[in-house]
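Note sheet for the following structure.
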Amino acid sequence: MKISKKLFLLAGTLCITSTMGIGSICAKADSASRASDTTLTKISSGIEWESGSFASNGSNLTKETNSQVIRTVASFEKQQILIEAEDGYSFKVNEVSAGSTNDSYNVNRRYSLEFVVPYNEWMHFGYFNVYPERQFTIEVRKDDGSQINASDAENIISLYKVDLQNHIPDYYKNHIKNKIEVVNNLQKNPGTSSFVFITDVHIQHNTKHSIALIKELMKRCGIKDVLGGGDWVTAWLSDADGKQGLKDDYDELTYLFKDIPLIKTPGNHDWAWGSNNQYSLTEPEMYEWFYKGDIEKTGAVKNDNGDPTTYFYKDDTENKMRYISLNVMDYEVNVDANGLVKDDKNKTWYYTLSNDQIKWLKDVALKMPDDNWDCVIFSHIGVYNREEAGDNCDTVALRDDVRQMLNDFKNKTGEFADYKGSLVGWLTGHMHMDNMMYLNNGSFVTVYSDGDTVCSSEPGRSRAINTVNEQSFQVVTVDKNKRKVYCTIIGAGENRSFKY
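Everything in the sequence shown is counted per our numbering, starting at 1 for the first residue and increasing by one.
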């Protein structure tokens, strides 16, 4: 998905979700509940309020004397903050840089314009992802238009640092409770187990609440494994941001997901940077930055070609489930010493499976211990063609041999006559849409999922921030006795199921 690396601002009215999940009832948390919430830390450092407003003249903001508004220009460390106004007050925010004079600022919204973000709108509540290289103007007013003083700011406006690893917004609490009940009811059937599949996170374009939601599901539903379908970052960085910006995003992901046992695959946006994506990581860099820590943490089995490895599997021996991570950008990119791609093969645009990886899939990954085992394959993009995937998806260099191999494996024919176990399905992302396709005349199912980022290509789907559909990922429950798979969607999307 083509997404720019920009700021993500979250703002709006606090909503408590209805039992149906997507509907909402506007409400505001009381101060007592905030005071007892250990996932929020009240902050005030660097916030100096003064009377006045900012008059907008196109992209320029100029300070104005105004006794009915108070204002500040603030900078923050990298974090998420929650801003709340007391009843009867509201605030608005702009992202700015210093203007040509001391009393002016330029509106400098680095976040991509294709995303609808409520800058310069009066609101009562909002989550913000903030970064140290950016400044923000905040204005506060009384809703009835009466006078307001800067000295009253601490009693009017509250700012909290959010513990993203543990904080669940109020509007998600009923929603996640209901989803946990659904998953636990499915798991009452003998022979069932569940895992999480999350894809297309695009971390700087994400509300970042999935981390705490996943941890809650793992705790309440006994889930041990989390599969990730690629595009963790956007890698659509400018030449100036460069490789360090990409590394910073990976470091943020490593920190946020540090308590979650991820089994990842790379996406097309995880490799490159530059104004035209003309620079690319190498395979060793991708292994070191992206794979190594999670492979060591989860005990995944690498291919036997040594480091770097970009495909592997991980076994859940208790539930006899094998998760096979494939890399659909499996070729060594040709770059110079600075990372500049020297031919037309760029992993942002060109996708394929290598012969070595296909051989490993056949000779190693699909060789399971006995018929009580099942396996799940996942990658960023599946082995379907443009006609099957639709015009919204670029095409993997189609490998009919892979599809035929999986067909023979499922039917235990040809070279696979003595193989054990079953293929549950192939999970993918990339398209930012929900769909299921039965490939090779129904031989196996490819499930592709909407992205966890707010940017969705699903027709008619709203991904409004500060509602339960700001995120989207799924809990996949496999019922071995019924040979049925249940996809319980967290956030935006509808539950699905299929036979295998």
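Even glycine gets a Cβ: it sits at the ideal position worked out from N, Cα and C.
- For Thr298 and Phe54, the gap between their C-alpha atoms comes out near 51 Å.
- DSSP places Glu48 in the coil class of the three-state scheme, outside both helix and strand.
- When the Cα atoms are used, Ser280 and Phe290 turn out to be separated by approximately 14 Å.
- Ranking Cys487, Thr65, Val182, Phe91 by CA distance to the CA of Phe197 puts Cys487 first.
- In the three-state DSSP reduction, Asp316 falls in the strand class (E or B).
- Apart from the 5 residues on each side of it in sequence, Asp479 sits with its Cβ closer than 8 Å to the Cβ of Leu186, Asn189, Gly191, Thr192, Val485, Tyr486 in its chain, given in chain order.
- Assignment of beta-bridge partners to Asp231 by DSSP yields no partner.
- One Cα belongs to Thr41, the other to Asn407, and the distance between them is close to 54 Å.
- In terms of Cβ geometry, Ile156 and Glu64 do not form a close pair [threshold 9 Å].
- Following the DSSP letters along the chain, one finds Cys455 in no alpha helix (DSSP H), marked with neither H nor E.
- Using a Cβ distance threshold of 9 Å, Tyr171 and Arg34 do not count as a contacting pair.
- Look at Val328 here: in three-state DSSP terms it is coil, with no helix or strand label.
- For Ile358, the enclosing alpha helix (DSSP H) has its first and last residue at 355-360.
- DSSP places Leu253 within a helical segment (H, G or I) once states are collapsed to three.
- The C-beta of Tyr255 has fewer than 16 other C-beta atoms within 10 Å across all chains shown, which makes the residue exposed.
- Under the three-state reduction of DSSP, Leu423 is assigned to strand.
- Secondary structure within the region 237-305: the alpha helix (DSSP H) runs of 4 or more consecutive residues, fully enclosed, are 242-256, 283-286, 292-298 (chain order).
- Contact fails between the region 353-361 and the region 225-232, because fewer than three Cβ pairs, one in each stretch, are under 8 Å apart.
- DSSP links Glu139 through a beta bridge to Arg71, Lys92.
- Tyr438 is classed as exposed because its beta carbon has fewer than 16 other beta carbons within 10 Å across all chains shown.
- A straight line joining the alpha-carbon of Asn57 with that of Thr352 spans about 50 Å.
- Leaving aside the five residues that flank Phe416 on each side, the residues in its chain whose CB is nearer than 6 Å to its CB run, in chain order, Asp408, Phe409.
- Cβ-Cβ separation between Trp271 and Met329: approximately 7 Å, consistent with a contact (criterion under 8 Å).
- Out of His124, Thr101, Arg109, the CA that lies nearest to the CA of Gly88 is found in His124.
- Per DSSP, reduced to three states, the secondary structure at Ser59 is coil, with no helix or strand assignment.
- The beta carbons of Ala212 and Asn166 sit about 5 Å from each other, so the pair counts as a contact at 8 Å.
- Between Ile490 and Trp426, the C-beta gap is not smaller than 9 Å, which leaves the two residues out of contact.
- For the set Lys345, Lys320, Arg322, the Cα lying nearest the Cα of Tyr331 is the one of Lys345.
- Secondary structure note for Asp371: it is in no beta strand (DSSP E), with a DSSP letter that is neither H nor E.
- Taking a 10 Å sphere around the C-beta of Pro132, we find fewer than 16 other C-beta atoms and assign the residue as exposed.
- Scanning Trp349, Arg483, Cys455 for the CA closest to the CA of His205 turns up Cys455.
- Between Val445 and Met436, the C-beta spacing is below 9 Å.
- Counting along the chain, Asn129 sits inside the beta strand (DSSP E) bounded by residues 125-130.
- Under the DSSP assignment, Gln79 falls in the beta strand (DSSP E) whose first and last residues are 79-85.
- DSSP, read as helix, strand or coil, puts Ser100 in coil.
- The shortest C-alpha to C-alpha distance from Lys412 to any of Asp450, Leu366, Thr137 is the one to Leu366.
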